[in-house]
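S.K.:
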Amino acid sequence: MAKKMPFLLSAHHLAPSLKTATGCFLNVRSCLFSPHSYTSASLSNRGYAAQKSLYMEQGGAYKNNPGGYFSERASRRKGFSLQSILFKHALKHNYAVVFLFLLTVFTLPQGYGQQRHELSAYVTGVFSSLHYDMKQGQGTRSDNVGGGIGYAYALNKHWSLGLGGEVQSYNSRAVFNGLKDSYPAIDIEGDEFEFNYSIDRYEERQYVYYLNIPLTVTYQSKGDAMRFYATGGFVLGLPLHTEYSIRANHMQTSGFYPQWNAHLEAPLFMGFGDFGDQAINGQGLDLDNAYSLMAEIGVKHLINEKNALYLGIFMEYGLNTVNKTGSNNLVGYNTESPVDFIYNPVFTSSNKTKNHSYTGDARTIAAGIKIKYAFLW
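First residue of the sequence shown? That's -14 in this note's numbering, and the numbers climb one at a time after it.
Structure, rendered in structure tokens:
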């Protein structure tokens, strides 16, 4: 009997398996251990003795078979095939291929993968206010801040959709120097008269806070650690807290009774005289929902695979008027309690002497800097 020849895996036989392994990623086992990595031609080159040796290792007995141990008839008779034998040997000797493949995968340079989800917290400032034109006096903005949280879902490497919730202040004020007006009124005794007032300086401050719900689309450029981004979208604003306060310096009042041709500058209990400085706080201000467009540009710095820092500039412009209108008196005479004047907001008041409202349409406007910290996964 010929001496058994061990099955040695040479580079010639390993090459097809290595080529197959490196070309596959998702189906590693089927690629690395495919029995087709060895061919019958390569095995036949090993000679008749090698075929016999392989056959003996499988527990078969040597018989004179002119067709070879791996003829189709012999394989069916003995219960095994060429592919089954070669697969077992490939599985036995290809651990080196597996090791080389895994070593290659884990030593490739790794970059940040595509993160689909982003949860962020941010702050904004500093230019935001209720913007309105003044037909008398002047309107000024106040420095305001805002902050909120947001969620974004990446559609691909460049585009993402976002939804958030933020609280934004839109504080502003209206100032009048040398404010005067006159209008008909009824005194505590039921007599008609003309009420007159003059104020050296009159200031109304509006304290306005909205809950904003932005729906956005963001584009970001390519980049490893630094990327540019641009965001646009629509913002729904819901009034959270709205009030106004009044400061009036050196207020003087009087009443003219045309039926008696009498001009009264006293007494105080009738609401006539020098009332000095007046102040009132915490008056409710009725405002509507705000609908705005927003835009933002800036840079995104990837701190690591899970965290990012944004720095940008933004602008928000209200599409609709949020203030109510009316023809109230800015300083109203109180018939039931003449010393307690009624101070109406400038939005719903008008000057009867000059026959015009004090303000035009009011809308929310914001612009400034946004700083955002994001968590990615």
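Don't be surprised by glycine CBs; every beta carbon is placed ideally from N, CA and C.
Below 8 angstroms, can you find three or more Cβ-Cβ pairs linking the region 100 to 111 to the region 134 to 152?
M.R.: At 8 angstroms Cβ cutoff, the stretches touch.
S.K.: Hey, how far is the Cα of residue 330 from the Cα of residue 270?
M.R.: The alpha-carbon atoms of residue 330 and residue 270 are separated by roughly 7 angstroms.
S.K.: Leaving aside the five residues before and after residue 230 along the sequence, list all residues of the same chain whose C-beta is less than 6 angstroms from its C-beta, in chain order.
M.R.: 190, 266.
S.K.: Have a look at residue 315 and residue 327 and give me their C-alpha separation to the nearest angstrom.
M.R.: Between residue 315 and residue 327, the C-alpha separation is close to 8 angstroms.
S.K.: Which of the three DSSP states is assigned to residue 112 in this structure?
M.R.: Of the three classes helix, strand and coil, the one that applies to residue 112 here is strand, per DSSP.
S.K.: Using three-state DSSP, classify residue 344 as helix, strand or coil.
M.R.: Looking at residue 344 - three-state DSSP - the assignment turns out to be strand.
S.K.: What is the DSSP secondary structure of residue 315, reduced to helix, strand or coil?
M.R.: The answer is coil: DSSP assigns residue 315 none of H, G, I, E or B.
S.K.: Select from 220, 362, 187, 337 the residue whose C-alpha is nearest the C-alpha of residue 364.
M.R.: A question about residue 364 goes unanswered here, because the residues of the chain that appear run from -14 up to 362.
S.K.: Measure the alpha-carbon distance for residue 130 versus residue 196 and round it to whole angstroms.
M.R.: Straight-line Cα distance between these residues: approximately 13 angstroms.
S.K.: Is residue 175 close to the ligand MN? I mean its beta-carbon at under 7 angstroms from any heavy atom of the ligand.
M.R.: The ligand MN is not among the ligands present in this structure, which contains no ligands whatsoever.
S.K.: Per DSSP, what kind of secondary structure is residue 333 in: helix, strand or coil?
M.R.: Reduced to three states, the DSSP call for residue 333 is helix.
S.K.: Please name the residue, chosen from 122, 228, 313, that lies closest to residue 186 on a Cα-to-Cα basis.
M.R.: Closest by alpha carbon: 122.
S.K.: Find out if the Cβ-Cβ distance for the pair residue 176, residue 242 is shorter than 8 angstroms.
M.R.: Yes. Within cutoff.
S.K.: For residue 292, which residues does DSSP report across the bridge?
M.R.: In DSSP, residue 292 forms a bridge with 360.
S.K.: Pull up the distance between the alpha-carbon of residue 298 and that of residue 155, whole angstroms please.
M.R.: Answer to the nearest angstrom: the Cα atoms are 18 angstroms apart.
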